[in-house]
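Q: My structure is below; once you've seen it, I'll send some questions.
Protein chains: 2
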Amino acid sequence: MKGMDVYGCIEAGGTKFVCGVGTGPDDLETASFPTLSPPATVESVAGFFKGARLKAVGIGSFGPVDLDPQSHTFGYITSTPKAGWRQFDLAGAVGRALGAPVRIDTDVNAAAVGEARWGAARGLFDFLYLTVGTGIGGGAMANGAVVHGLTHPEMGHIRIPHDLSRDPYPGGCPYHGDCLEGLASGPAIEARWGKPARELPADHPAWALEARYIGLGLANWVCTLSPRRIIIGGGVFQQAQLFPLVRAELGRILNGYVQARALLEDMESYVVPPGLGNRSGVLGALALASA
Amino acid sequence: MKGMDVYGCIEAGGTKFVCGVGTGPDDLETASFPTLSPPATVESVAGFFKGARLKAVGIGSFGPVDLDPQSHTFGYITSTPKAGWRQFDLAGAVGRALGAPVRIDTDVNAAAVGEARWGAARGLFDFLYLTVGTGIGGGAMANGAVVHGLTHPEMGHIRIPHDLSRDPYPGGCPYHGDCLEGLASGPAIEARWGKPARELPADHPAWALEARYIGLGLANWVCTLSPRRIIIGGGVFQQAQLFPLVRAELGRILNGYVQARALLEDMESYVVPPGLGNRSGVLGALALASA
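So the protein lines, in turn, are chains A and B.
Per our numbering, the first sequence starts with residue 81, numbered consecutively.
Per our numbering, the second sequence starts with residue 81, numbered consecutively.
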């Protein structure tokens, strides 16, 4: 594979980097490395791609990332609290190390691109990809292109109703307290119930509350973006019992107002897991490279 | 004007229809009629345009409207409670009456198109137009095109935090109670304070509360759409004292998380009134016609 003309991809996470070479889901070869300092991490990346003749490299990165092509810090990680990574020129460093053109977007935007190309959003021009794990993030496509603007979206930080009498947990977001991420991310679940989400049984009250919060977020995105489908990935949604709960909450919250068959009669194909499983991000980065 | 090759436009509201002919803001001639039954209203429309050689007609309509080009009810008003208008083929009736091609979108989407063409969003590919009046609605552009999808957005119906100890008013939305529209539309202000918004003095506590709710909505849209500018029109925002209050709330709510100069240092040119005043809608319909 490495001797052929192929694409490279990097899912750049705060904990690990997943690198891959290939042309699509059927031939992708990957490896992952822990995220260390920027120079050590880029060295691991360069080692993985050594000898590959890459037409281009796609990066789906943790953020915030400067994605303004006019900016002199385009492709930089910006205000992350992660030691050493603040104002690091990730796209530039990877491009120099690999000698290939680089295309970069956020991890969730890349995942959306991957799901559009090979996954659960094939043929759709308007949809939402959401991930619920260590954080909550969303990538949207509208009119067939990823939604950007002033910066990239930060969907996890929307504010939703928080009924303190049902859920006295104040929320864990250092910026906003009880924004959606502060209430419904994996760490919020752990802080509220005293155990990691994956250790809570399927009938634990945590899941009804989680579904309520995610349902409120989805309702806001339905009202704002009118997506044709919503794909939910991430570690917390490995809990498959969440999907029916979230669909029911979304229907209850919208209460029949948005007149669309998908919402009124076919919620099972409206709110779905990723078609690419846990490879949405890395395949999305590949899709960016080969766009 | 009516003898020339010009465009026609219709701002189709639940209370009145504004019709116009022209080519842009400098030569637009308008007239308005009360919204009666569909046949009587279309007759008034036909009378206004009589003799005009229209290249095309744009309609910015109250909703919900079926905007799916694949649908056999494309251009119909759908589930409105407004007597006689439910399932009325507005685009078809206007096209037949005027013998001209029709382009239709929602009133707020049309207003967004108008602001992009001639108003406060010139040169911007990603922005939000919001109206706060009898209802609350938003039209967004992303990547230079209006955001649609499953249906059109219904931004007024997002859910936001509602602190019942500060504001015991339960909200007036028949579908959702205390969604944003239920808490912050003109009728909600009147129901809460016992007087129409326009009769409340500029130092009335109504405005701080209104700014809080609209600020929460804007924060959610900043996190979701990352607009490069937010334009707020509609009757309630004729109260100019709301703009500084809303800008301050938006800054407080985002709390520095979204690192963008516009939000951190230049909120005055980020949250602005319409460049076209109260003509965003009708000029937007004209922009649809001549797109």
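Think of the CB as a built atom: it goes at the ideal place given N, C-alpha and C, for glycine as much as any other residue.
Quick check on the DSSP output: the alpha helix (DSSP H) that includes A/Thr304 runs from which residue to which?
A: Start at 1 with the first residue of the first sequence, and residue 304 of chain A comes out as number 224. Counting along the chain, the alpha helix (DSSP H) containing A/Thr304 begins and ends at 285-305.
Q: So which residues of chain A does B/Leu306 contact, with C-beta pairs closer than 9 Å?
A: Along the second sequence, one-based indexing puts residue 306 of chain B at 226. Going by the sequence as given, residue 306 of chain B is Ser instead of Leu. In chain order: Val227, His228, Gly229, Leu230, Thr231, His232, Pro233, Glu234.
Q: Below 8 Å, can you find three or more Cβ-Cβ pairs linking the segment 201-216 of chain B to the segment 279-291 of chain A?
A: no
Q: Counting only beta-carbon separations shorter than 8 Å, does A/Cys99 have a partner in chain B?
A: Along the first sequence, read from residue 1 onward, the residue named residue 99 of chain A stands at position 19. No, no contact with chain B.
Q: Assign A/Glu187 to buried or exposed, taking buried as 16 or more other Cβ atoms, counted over all protein chains shown, within 10 Å of its Cβ.
A: Position 107 of the first sequence holds residue 187 of chain A. According to the sequence as given, residue 187 of chain A is Asp; it is not Glu. Buried.
Q: Beta carbons nearer than 7 Å to chain A: which residues of the segment 147-180 of chain B have them?
A: Thr158, Ser159
Q: In terms of DSSP beta bridges, what is A/Asp85 paired with?
A: Sequence index remark: in the first sequence, residue 85 of chain A carries index 5 (1-based). DSSP, once it has assigned bridges, lists A/Arg133 as partnering A/Asp85.
Q: At a Cβ threshold of 8 Å, is A/His242 touching chain B?
A: Locating residue 242 of chain A in the first sequence gives position 162, counting from the first residue. Output row for A/His242: interface = yes.
Q: Who pairs with B/Arg183 in a beta bridge, going by DSSP?
A: The count along the second sequence starts at 1 and reaches residue 183 of chain B at position 103. B/Arg183 pairs with B/Gly138.
Q: Any idea if A/Gly100 is buried or exposed, counting beta-carbon neighbours within 10 angstroms, 16 or more meaning buried?
A: Within the first sequence, numbered from 1, the residue matching residue 100 of chain A stands at position 20. A/Gly100 comes out buried.
Q: Give the range of the beta strand (DSSP E) segment to which B/Pro114 is assigned.
A: The residue you call residue 114 of chain B lines up with position 34 of the second sequence. Unbroken beta strand (DSSP E) run through B/Pro114: 109-114.
Q: Below 9 Å on C-beta distance, what does B/Trp198 contact in chain A?
A: Within the second sequence, residue 198 of chain B is the residue found at index 118, counting from 1. None at all; the shortest Cβ gap to chain A is about 21 Å.
Q: Confirm, please, whether the CB-CB distance from A/Gly313 to A/Leu260 is below 8 Å.
A: Here residue 260 of chain A corresponds to residue number 180 of the first sequence, with the count starting at 1. Here residue 313 of chain A corresponds to residue number 233 of the first sequence, with the count starting at 1. Contact: no.
Q: Counting along the chain, where does the beta strand (DSSP E) carrying A/Ala222 start and finish?
A: One-based indexing of the first sequence puts residue 222 of chain A at position 142. A/Ala222 -> beta strand (DSSP E) spans 216-222.
Q: Give the residues from the segment 323-335 of chain B that approach chain A closer than 9 Å (Cβ to any Cβ), ordered along the chain.
A: Ile333, Leu334, Asn335
Q: Alpha carbons only, please: which of A/Asp247, A/Gly164, A/Phe154 is nearest the one belonging to A/Arg183?
A: The residue labelled residue 183 of chain A in the question sits at position 103 within the first sequence. Selected option, being the one with the closest Cα: A/Phe154.
Q: Any contact of the segment 213-232 of chain B with the segment 323-332 of chain A, i.e. 3+ C-beta pairs under 8 Å?
A: no
Q: Report the option in A/Ala371, A/Gln321, A/Ile311, A/Val302 whose CA atom is closest to the CA atom of A/Leu344.
A: For the purposes of this step, residue 344 of chain A is taken as residue 264 along the first sequence, with counting starting at 1. Among A/Ala371, A/Gln321, A/Ile311, A/Val302, the Cα nearest to that of A/Leu344 belongs to A/Val302.
Q: Go through its chain and collect everything with a Cβ distance to B/Glu109's Cβ below 8 Å, but skip five positions before and after it.
A: Numbered from its first residue, the second sequence carries residue 109 of chain B at position 29. Excluding residues within five positions, the ones whose Cβ falls inside 8 Å are Met81, Gly100, Val101, Gly102.
Q: Alpha carbons only, please: which of B/Gly266, B/Arg272, B/Tyr337 is nearest the one belonging to B/Ala299?
A: Along the second sequence, read from residue 1 onward, the residue named residue 299 of chain B stands at position 219. B/Ala299 has its Cα closest to that of B/Tyr337, out of B/Gly266, B/Arg272, B/Tyr337.
Q: Look up B/Phe207 in the DSSP assignment and give the residues it is bridged to.
A: As a first step, residue 207 of chain B is located in the second sequence; it is residue number 127 there, counting from the start. Answer by DSSP bridge pairing, in chain order: B/Met221.
Q: Excluding the five sequence neighbours on either side, which residues of its own chain have a C-beta within less than 7 Å of the C-beta of B/Gly199, listed in chain order?
A: Mapped onto the second sequence, residue 199 of chain B falls at position 119. The answer, listed in chain order, is Pro354, Gly355, Leu356, Ser360.
Q: Using a Cβ-Cβ distance cut-off of 8 Å, determine whether B/Asn189 contacts chain A.
A: As a first step, residue 189 of chain B is located in the second sequence; it is residue number 109 there, counting from the start. For B/Asn189, the answer is no, since every Cβ of chain A falls outside 8 Å of its Cβ.
Q: Please check the pair A/Val362 and A/Glu91, which I expect to be a contact at CB under 8 Å, by giving their CB distance rounded to whole angstroms.
A: The sequence position of residue 362 of chain A within the first sequence is 282, counting from 1. The sequence position of residue 91 of chain A within the first sequence is 11, counting from 1. So it is a contact: roughly 4 Å between Cβ atoms.
Q: Which chain B residues sit within Cβ distance under 9 Å of A/Asp206?
A: As a working note, residue 206 of chain A is residue 126 in the first sequence. Here the neighbours are Val227, His228, Gly229, Leu230.
Q: Just verifying my parser: in three-state terms, what is the DSSP assignment at B/Ala163?
A: For the purposes of this step, residue 163 of chain B is taken as residue 83 along the second sequence, with counting starting at 1. DSSP places B/Ala163 in coil when its eight states are reduced to three.
Q: Which two residues bound the contiguous alpha helix (DSSP H) that contains A/Val372?
A: Lying before the first or after the last residue shown, residue 372 of chain A is absent from chain A, which here runs from 81 to 371.
Q: Check the Cβ-Cβ distances between A/Ala291 and every residue of chain B, and say whether any is below 8 Å.
A: Counting from one through the first sequence, the residue named residue 291 of chain A turns up at place 211. Taking Cβ atoms only, chain B never reaches closer than 8 Å to A/Ala291, which makes this a no.
Q: Taking Cβ positions, are B/Gly315 and B/Gly251 nearer each other than 8 Å?
A: Within the second sequence, numbered from 1, the residue matching residue 315 of chain B stands at position 235. Within the second sequence, numbered from 1, the residue matching residue 251 of chain B stands at position 171. Going by C-beta atoms, B/Gly315 is not nearer than 8 Å to B/Gly251.
Q: Using only CA atoms, which one of B/Gly274, B/Gly364, B/Ser349 lies nearest to B/Ile311?
A: Your numbering for residue 311 of chain B matches position 231 in the second sequence. Residue B/Ser349 is the option with its Cα nearest to B/Ile311.
Q: Starting from B/Gly100 and walking both ways along the beta strand (DSSP E), at which residues does that stretch end?
A: Counted from its first residue, the second sequence places residue 100 of chain B at position 20. That run of the beta strand (DSSP E) goes 96-102.
Q: According to the neighbour-count rule (16 or more other Cβ atoms, all chains shown, within 10 Å of its Cβ), is A/Gln319 buried or exposed?
A: Indexing the first sequence from 1 puts residue 319 of chain A at position 239. That one is buried.
Q: Measure the beta-carbon distance from A/Phe205 to A/Asn223 and round it to whole angstroms, keeping in mind my assumption that it falls under 8 Å.
A: Within the first sequence, residue 205 of chain A is the residue found at index 125, counting from 1. Within the first sequence, residue 223 of chain A is the residue found at index 143, counting from 1. With a Cβ gap of about 6 Å, A/Phe205 and A/Asn223 count as contacting.
Q: Closer than 8 Å is the cut-off here; do at least three beta carbon pairs connect the segment 163-170 of chain A with the segment 103-123 of chain A?
A: yes
Q: Considering only the alpha carbon of each residue, which of A/Val193, A/Asn335, A/Asp85, A/Arg272 lies closest to A/Ala136?
A: Working through the first sequence from its first residue, we reach residue 136 of chain A at position 56. Looking at the Cα atoms, A/Asp85 is the closest of the given residues.
Q: Using DSSP's beta-bridge definition, name the partner residues of A/Glu261.
A: In the first sequence, the residue the question calls residue 261 of chain A occupies position 181. Looking at the DSSP output, A/Glu261 shares a beta bridge with no other residue.
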